[in-house]
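Our numbering puts the first residue of the sequence shown at 26, with every later residue one more than the last.
All C-beta atoms, glycine included, are put in the ideal place defined by N, C-alpha and C.
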Amino acid sequence: MKKILLIFILAFISNIIWENLHAFLYIHYQGQNITQLILLRAALFDATFITILSLPFIFLKYFKQRLWWSLVMGIIFAIILEYFALITNRWAYNDLMPIIPIIKTGLTPTLQLGLIAYIILQTVNIKPQLNN
Numbered sequence: 026m027k028k029i030l031l032i033f034i035l036a037f038i039s040n041i042i043w044e045n046l047h048a049f050l051y052i053h054y055q056g057q058n059i060t061q062l063i064l065l066r067a068a069l070f071d072a073t074f075i076t077i078l079s080l081p082f083i084f085l086k087y088f089k090q091r092l093w094w095s096l097v098m099g100i101i102f103a104i105i106l107e108y109f110a111l112i113t114n115r116w117a118y119n120d121l122m123p124i125i126p127i128i129k130t131g132l133t134p135t136l137q138l139g140l141i142a143y144i145i146l147q148t149v150n151i152k153p154q155l156n157n
C-alpha cells in the first residue's frame, strides 16, 4: 500500500510540473483559458491513471520484469486521449506544439503518461522477487 501511495504522490508532483511546463503549447481547454485549477485537475487525472497503470507492475511477475510496458501502455492511452480531446475540441494546440507525423498528436502530451510512469516505476524500484 505504501508503494501505491508513493507512486500516486510522485505521479501527481511530476504531472503538475509537466502540465505547467507544456501549458503554453495549448490554445485553450474547453474554450476557456488554462488556469492552475485546470492544470491541477489534469495532474490529478494523470496521477490516478499512472497509479492504476502501475498495479500490474507491482503485483504481476510478468510485468515486474518488463517495466518498459508501462511506457508503451502510457503512450497508447495518451494517443487515444489526445484523439478524443482534439476531436471533441476539449483542447487545442497552438503553433508551437511539436506534432508527431503520422499520428498527428502533440509530442509532449503523447510522451507524458508513458514516460512519467516508466520513470516512477524505476524510481520506486519495482523488481521481481528472486527465488533463493
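>> In this structure, how does DSSP classify ILE52 when only helix, strand and coil are distinguished?
In response: It is a strand residue.
> Would you report the Cα separation of ILE59 and HIS53, rounded to the nearest angstrom?
Replying inline: The straight-line gap from Cα to Cα measures roughly 6 Å.
>> Tell me the rounded alpha-carbon separation between ILE105 and VAL149.
In response: If you draw a straight line from the Cα of ILE105 to the Cα of VAL149, it comes to about 27 Å.
> According to DSSP, which residues form a beta bridge with GLN57?
Replying inline: TYR54, per the DSSP bridge assignment.
>> On the DSSP letters alone, give me the boundaries of the alpha helix (DSSP H) that GLN137 sits inside.
In response: Its alpha helix (DSSP H) spans residues 132-148.
> Along the chain, where does the alpha helix (DSSP H) that runs through ASN45 open and close?
Replying inline: From DSSP, the alpha helix (DSSP H) with ASN45 extends over 27-47.
> Any idea if ASP120 is buried or exposed, counting beta-carbon neighbours within 10 angstroms, 16 or more meaning buried?
Replying inline: Exposed, because fewer than 16 other Cβ atoms sit within 10 Å of the Cβ of ASP120.
> Helix, strand or coil: how does DSSP classify ILE75 here?
Replying inline: DSSP places ILE75 in helix when its eight states are reduced to three.
>> Can you find the residues in the same chain that come closer than 7 Å, C-beta to C-beta, to LEU78, ignoring five residues on each side of it along the sequence?
In response: Excluding residues within five positions, the ones whose Cβ falls inside 7 Å are SER95, MET98, GLY99 and ALA142.
>> Alpha carbons only, please: which of LEU138, GLY131 and ILE145 is nearest the one belonging to TYR51?
In response: Per the Cα distances, GLY131.
> Where does ILE127 fall in DSSP's three states?
Replying inline: Annotated three-state conformation of ILE127 is coil, per DSSP.
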